[in-house]
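First residue of the sequence shown: 6, per the working numbering; consecutive thereafter.
Just so it is clear, CB atoms sit at the ideal spot from N, CA and C, and this is done for glycine as well.
Some notes on the structure that comes next.
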Amino acid sequence: MFELRCTVRNCREPLQQRESGLFCAAGHHFDRAKEGYWSLLQPQDRRSKNPGDADAAVLARHRWLERGYAAGLTETLRPWIADSASADPETVPRTIDLGCGEGSFGPALFLDEADGYCGVDLSKRAIKLAARGWPAGTWVLANADRTLPAADASVDRVISLFGRRPAAEIYRVLSETGICIVAVPGEEDLIELREQVQQAGHRRSRWEMVVDELSAAGLEFVEHKHWQQSVDLDTDAIADALAMTYRGVRHSQQTRLESLAAMTVTLAADLILLRRGS
Ligand SMILES: C[S@@+](CC[C@H](N)C(=O)[O-])C[C@H]1O[C@@H](n2cnc3c(N)ncnc32)[C@H](O)[C@@H]1O
Ligand SMILES: [Zn+2]
6 MFELRCTVRN CREPLQQRES GLFCAAGHHF DRAKEGYWSL LQPQDRRSKN
56 PGDADAAVLA RHRWLERGYA AGLTETLRPW IADSASADPE TVPRTIDLGC
106 GEGSFGPALF LDEADGYCGV DLSKRAIKLA ARGWPAGTWV LANADRTLPA
156 ADASVDRVIS LFGRRPAAEI YRVLSETGIC IVAVPGEEDL IELREQVQQA
206 GHRRSRWEMV VDELSAAGLE FVEHKHWQQS VDLDTDAIAD ALAMTYRGVR
256 HSQQTRLESL AAMTVTLAAD LILLRRGS
């Protein structure tokens, strides 16, 4: 399993797995939840202003991914994963996925690397679904905006797919040859739907800003790819797309949406590859 580090304030000792849980040399102990994930949440993390996605958004995302709408995105990411695979078949690269959500991307991208994979999310509902879906991975309930549960320079890949991007911590945990893969929604993502709901679709390109944020922490930009595709959504899929995108749709908007039986919608994401650099 992915080697985790203690998250008790200022401790940072490696965690060793024993029958009844994870232990650090300072005597801190974490139980495994019955669903198979580890809760490394500290009391101060629970008071976070942003407790992760609401259950409804997590479940909508789960149904959305089950319908296969991210298959093209997964395939676009795959070459970067393959290029960063280990040359030595005995060594499994270590990957940490920040804001892994309901966990579909883990097995889709790292099926042969379960021992090296760790998904982190702050939503209990999401991490439970993830652990149930792929028990071979390591799943951690933690706040990725605080200290990450990994030792310095110990991770080969940091992944953030529409997830968290704690720049200084990403830099700290990456090994010298480590890479970071980030996905953010593209300008045109769900634009037709956003036009309906907001009356005016707001286009904005975020990826260059994300590169700036991560470069400021020491990461080096390597490559950008744009993924875009058109899909036909039925009423249920439209409802899920909205639930996973907006915190809540107002009643007047809900009525407008109910009149949309089906719709062709653009899906788009900007994918960024960075490396730790020296
Ligand atoms: C848009 S979802 C993306 C999930 C997944 N990567 C995917 O693409 O399906 C963002 C995720 O980040 C999680 N999240 C939000 N704040 C977080 C934090 N501080 N630490 C860890 N995860 C967080 C949410 O709970 C949610 O699952
Ligand atoms: Zn400890």
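Continuous beta strand (DSSP E) stretch holding residue i: start and end
{"i": "V145", "result": "T143 to L146"}
{"i": "M268", "result": "A267 to R280"}
{"i": "L238", "result": "E225 to D239"}
{"i": "Q22", "result": "Q21 to R23"}
{"i": "L27", "result": "G26 to F28"}
Residues sharing a beta bridge with residue i, DSSP
{"i": "Y122", "result": "T100"}
{"i": "A188", "result": "L166 and L276"}
{"i": "S44", "result": "L146"}
Neighbourhood of residue i by C-beta, 7 angstroms cutoff - its chain only, sequence neighbours within 5 removed
{"i": "L278", "result": "W85, I184, I186, V227 and E228"}
{"i": "Y74", "result": "V236 and L272"}
Cβ neighbours of residue i in the same chain (closer than 8 angstroms, five flanking residues each side left out)
{"i": "V160", "result": "R99, T100, I101, V178, L179, S180 and G183"}
{"i": "D60", "result": "S128 and R130"}
When the options are compared against residue i, the one with the closest alpha-carbon
{"i": "E118", "options": "T143, T269, G223 and I196", "result": "T143"}
{"i": "M6", "options": "S109, Y42, G138 and T12", "result": "Y42"}
{"i": "F167", "options": "W232, Q49 and C105", "result": "C105"}
{"i": "D150", "options": "L27, P171, A244 and R280", "result": "P171"}
{"i": "I196", "options": "I243, E218, L224 and D157", "result": "I243"}
{"i": "M268", "options": "D237, S283 and H231", "result": "D237"}
{"i": "P17", "options": "I175, A31, H67 and Y176", "result": "Checking the displayed sequence, the identity of residue 17 turns out to be Arg instead of Pro. Among I175, A31, H67 and Y176, the Cα nearest to that of R17 is on A31."}
{"i": "V97", "options": "Y122, A113, N148 and R68", "result": "Y122"}
9 angstroms Cβ cutoff met for residue i and residue j
{"i": "L103", "j": "R10", "result": "no"}
{"i": "D126", "j": "L153", "result": "no"}
{"i": "A274", "j": "Q233", "result": "yes"}
{"i": "A222", "j": "I175", "result": "yes"}
{"i": "V270", "j": "L198", "result": "yes"}
Residue i: first and last residue of the uninterrupted alpha helix (DSSP H) it sits in
{"i": "W69", "result": "D60 to E71"}
{"i": "K133", "result": "K129 to G138"}
6 angstroms Cβ shell around residue i - same chain, five flanking residues per side excluded
{"i": "A156", "result": "R10"}
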